[in-house]
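Those letters in the sequence shown? Residues 1 to 1087, by my numbering.
Each residue gets a CB set at the ideal place from its N, CA and C atoms; glycine is no exception.
Values in this document were obtained by computation on a predicted structure and should not be read as measured data.
Each remark here refers to the structure printed beneath this line.
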Amino acid sequence: MTSNIRGAATVAALVLPLILLYKLLWSRRRSTSNDETSDNNCDSTSQQPDAQYFDPTDSSDLLPFPSVEYEVFLSFRGPDTRHQITDILFRFLVHLKIHTFKDDDELRNGEGIWPSLAKAIGQSKIYVPILSQNYAHSKWCLKELVEIVENMRQDKRRIVLPIFYMVDLRDVRHQTGPYQDAFREHEKSFDRQTIQNWKAALTTVGALKGWHVTHNDEQSKYSDLVSDSIWSHLRRFYCTVETNELVAIDGHVEEVVKRLSLDFKDVTMVGLHGMGGIGKTTLAKVVYNKILSHFDCCSFVENIRETQHQNDGIFKIQKKIIEDATRKEERVCDVSQGRRIIMDRVSQFKVLIVLDDVDEKFKFGEVVGNPQGFVSGSRYIVTSRDCKILSRLNENKCKLYEVQALSPSHSVKLFSKHAFKKDYPPPDYEILSNDIVSTMGGLPLALEVVGSLLHREEKSIWEAKLKQLREVPEKHAIERLKISYDALEYEAKEIFLDIACFYIGRKKIQPLYMWNDCNFNPTININLLIQRSMVKIDQDDCRFQMHDQLRDMGREIVRRENIEYPWKRSRIWTVETAVELLYEKKGSEQVKAIEVTTPRPYTNLASECFVNLSSLRYFKAPPDAKLKGDFDNLLPNLRWLKMRYHRGRLGDDDHLINFHMKKLVILDLSGSDVCNDWGGWTHLKMANNLKTLNLSKCGRLTRLPELPQSGSLEVLDLSSYRWLESTRDDELDIGKLRNLLVLRLPRACIKQITGGTIGTISKGLRELDVEECECENLAHVLADVGELQSLQILRTRSAKWKQGTHQQVLTSRLVAGSSNLKELTTSSPVVDLLRLLELETLVVESCEYGLEIPTPAEDDHYDDDDDNNNKVLPWWKISKLKYLRLHEASRMWCSSSGNNINPISNCRLPSALTRLHIIGCTQLEWLPNLENMENLIELIIENCPMPREIQGLGGLKSLQTLQISDVANLRHLDGLTNNNGRHMGQCSSSSLAVLVLERCGALERLPSFSQLRKLFTLDIVECPLLTEIPLLGCLLSSSNKLQVLCIQDCPRLAAFVGNEARRLENPTPLRIRIQEGAKSFSLKWSP
């Protein structure tokens, strides 16, 4: 028996390892098989890789990117792909106006390679690694890939879209074949950890879904697919509206989208209604995010109920719709003009327009026009608290949807997201959370605000807040929100109420000055308000934002301060209450801020109006008002005064005395008729707290007031000072302005600036504007401006330098050290652009020798595997210049040294340029070659009679507007629709929308515009030698977008166009206007 057991044990001991080994080998075989299947599962026809899915209902996807400069980062091995798929893809992206980092185009002169690359990777949204045969041989490529993968892991909004170019996918994922050979070499020079990091990055990216390019003739095809995918992702970033934490919204979204009927071609409108704070705006935003890719353009207009009550509020609404649709700035002068522009231009696109929070005062037809006049397929979403308002839109077939409160379970989830930063409460807080949520009525805003309030608070605080909430009537949503307000300290409450009553939509910088002086600790308390979900700050221009329900709560809190006597409230923003308080002398110590924006005819504010206003710290007076009388012991706490004095009538008494400014921080008298004898000037020098003084456009002021002696000023604006005065004997003493950040003196007349030079006095200066400034010693004062590393904006155009100053030397001084300069406007020669690589805007005006363009390097490329960290690229590749305007700058020259002048036609302007204006350069014989300017969107050439041609038009892949006026010798526009011998339109690379040709007397022929399918306006004026527009019938066909064709004083061309137009059978919706002298006729087709 014992021997049998021993035998069995022996057999088991021998067999068991074999079984385990078999299982291990089988497991590996299956793993390898799966890997091979996965390796070969790279869909070569896929247009939308789904390795990373951007969820429009996930709020983390919609938060703003931190410090993003690039939209796409291309990682590639130069010798493998630079002149092949990389260049082709880059051209596609440039055409779509996608800002792309391509290292040989973007590396900065004199910088180490890796810091620049790491910074660019961190500042990009989408990564496209182009993995080729020798990609792994480059340590730079591998370092890039590790950084890309790390960024992708840290922020899931960052997307990696790999291209596998002429390489086996298994070699990438498993580092075999040429990738294995590359690592054998790397192992000789790099440590094990670095090698492992590189391999892990390749494995990660190799597992992502991308595009597999196996033949050279597929490069254009896949470049098109990749760029389409990138554009699809970026559209979400461009057009989405930031959303909050979302719960249980999918069902609502589905119902709204169903009502929008996206498959139908008619114009459809959906109205969302429900009580304030219920989530109408949030729902509209998520729907907007979800469907915007179906439309040509889209616009989300928020807070209409609030905006329409502001000065020019309706214009602002119209302006936003127009600019969102056309991507151009528009000036809207009146409501009828705005409506006309919307109907003439915006209606030509398939649009998605969201009008958020409308009330009974919003007149839809008057503001937007007739929705049924828009292109078929357009959609409107309108939100309102009142269902009856939306019912009035039924003539537009408005479909209604009521937004309901959250269910109890979903309410707990949303509350927990803010109170605990997760989807459910901890067990010991579960009962308490349910009790608190039960008092919220399912209102998302209340759940968010109260949840944020209780985050990280003790249980005793929770229990106290629950007791408060139970005392609030069920329908009083504002009372629930007010609990969060009540929990704030005094200083935070003051800031919150100020924002709610006055500063929504305004920049935060000036209120910060006031709050700081009041010891409100604004930096800490604004952050607290943001954490409590009570205030937001726009990331682009630092403007305050607030939910309309919170705004209404803040104003309701102020209203309740004294319901019976509104003039005894702390903040007054209605004209009726302000008039009653001031003119009936009903002031009280409770009043802290008054703002009146509606003008009243001829308003005198005598000192008696301000009796008892001892707590007033902010006063924005009615337009065209003025102060008069004795202000002794009045307004002792005033920090911010904004007034626009009116001229007054003959014999008016402007007597103002004892107007003390001891606590004044901001004095804004811009646009006033204030005079030298204003009584306030005697006390200005004692305003030791003053930070901002704005005297711009004070046309009757002929003598500079004495500035505060404390040197506290940070912003001084004397724009247009004494522009009507002929005597010039004033001096501006800057000796004590050591804290100055902004100095504006455009069109100012000052005899001298004393106290020292700008560079030695104001070392933190960020903005300096002396355009058209008349000052005897201006050149001396600005001699060391170039030493200001903080300076970002410098404007010296048409400044009146002392006679004899050498302009070229002066400009060299100005820019010698200002390496951070972003904007330069000057009338002096610009001779050292290589020092201004951060410059984004350059305007040279009224200057004989306007601009020296550096000579392009003979060799524009470099080896991206070179270990040298100080590689030099030609300036036109590394410059950030986006806007260049040459106005009456007679000459441009191209020079590598002062003695070596080259033809301007041999020079290249920066490839980053998006707008180029060359105007009034009458001595310019040649224009610069434009062939490298793939990002140029707008080109305007006016009153330059000498050039005979415009070289490089074929390279303008992104051009949308081309205007050529008074170029008398111009013979042709060759290249405009030609790219390497092919029509640009045939390769779908033309985006030209507006073409204007005026008074080009020598222009003999036009290229064919038939393939310019996006051309919207064609305007030809006084070009007498033109006889035809080639293939005009194709241009006018319904497949193109031409809307306006105007021919004026072109006799032979007019006859040709008229005959062609009358033969049209199926034209696009079009207006044709032909004018000859006083005679004209028009043709119009409507859809």
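- Exposure of P115 is indicated by the presence of fewer than 16 other C-beta atoms within 10 angstroms of its C-beta.
- Minimum Cα-Cα distance from E150 among the listed residues T796, T204, E1028, I853 corresponds to T204.
- Cα atoms of R470 and T439: separation of roughly 6 Å, rounded to the nearest angstrom.
- The three-state reading of DSSP puts V358 in coil, since its state is none of H, G, I, E or B.
- For the pair of segments examined, the segment 429-437 was found not to touch the segment 258-273: the number of CB pairs separated by less than 8 Å stays below three.
- Nearest to P408 by alpha-carbon distance, out of V382, D428, G442, is G442.
- Per DSSP, T796 is not a residue of any alpha helix (DSSP H), being assigned neither H nor E.
- Contact annotation: L939 and L959 have beta-carbon atoms nearer than 8 Å.
- In terms of CA proximity to Q372, V346 leads the group V346, D386, R703, L466.
- For T176, there is no enclosing alpha helix (DSSP H), as DSSP gives it neither H nor E.
- DSSP places Q510 within a helical segment (H, G or I) once states are collapsed to three.
- For W678, there is no enclosing alpha helix (DSSP H), as DSSP gives it neither H nor E.
- In the same chain as S846, and ignoring 5 residues on each side of it, the C-beta atoms closer than 8 Å to its own belong to R797, S798, S827, H887, E888, A889, in chain order.
- Counting of Cβ neighbours within 10 angstroms places Y490 among the exposed residues, the total staying below 16.
- For S416, the enclosing alpha helix (DSSP H) begins and ends at 408-419.
- For E144 against I163, the beta-carbon gap comes to about 14 Å, at or over 8 Å, which does not count as contact.
- Going by DSSP, P79 is part of no beta strand (DSSP E) but of the alpha helix (DSSP H) stretching over 78-81.
- Counting along the chain, S438 sits inside the alpha helix (DSSP H) bounded by residues 430-438.
- C387 sits close to L400, with the two beta carbons spaced by under 8 Å.
- Residue state for F496 is assigned as helix, using DSSP reduced to three classes.
- Shortest Cα-Cα distance from E771 to any of S719, L737, V742 involves S719.
- A889 has C847 as its beta-bridge partners, per DSSP.
- If you compare the alpha carbons of S614, G313, D296 with that of F349, the shortest gap goes to D296.
- K763 is not a Cβ neighbour of L782, given a cutoff of 8 Å.
- Pairwise C-beta distances place the segment 485-502 out of contact with the segment 627-645, as fewer than three of them are shorter than 8 Å.
- The closest CA to that of N197, considering only C141, G251, C921, H99, is found on C141.
- Of T682, S570, F364, the smallest CA-CA separation from L613 is found for S570.
- Going by DSSP, M553 is part of the alpha helix (DSSP H) stretching over 548-560.
- Judged by their CB atoms, W926 and P947 are nearer to each other than the 8 Å cut-off.
- Per DSSP, reduced to three states, the secondary structure at V146 is helical.
- When only Cα atoms are considered, P746 and T702 end up about 15 Å apart.
- Comparing C-alpha distances from G1001 to each of F183, F90, Y380, L1025 shows the shortest one belongs to L1025.
- DSSP lists K626 as the bridge partner or partners of N604.
- Listed as beta-bridge partners of R766 by DSSP are no residues whatsoever.
- A direct Cα-Cα distance of roughly 59 Å separates R192 from R259.
- DSSP, reduced to helix, strand and coil, places M269 within a strand of the structure shown.
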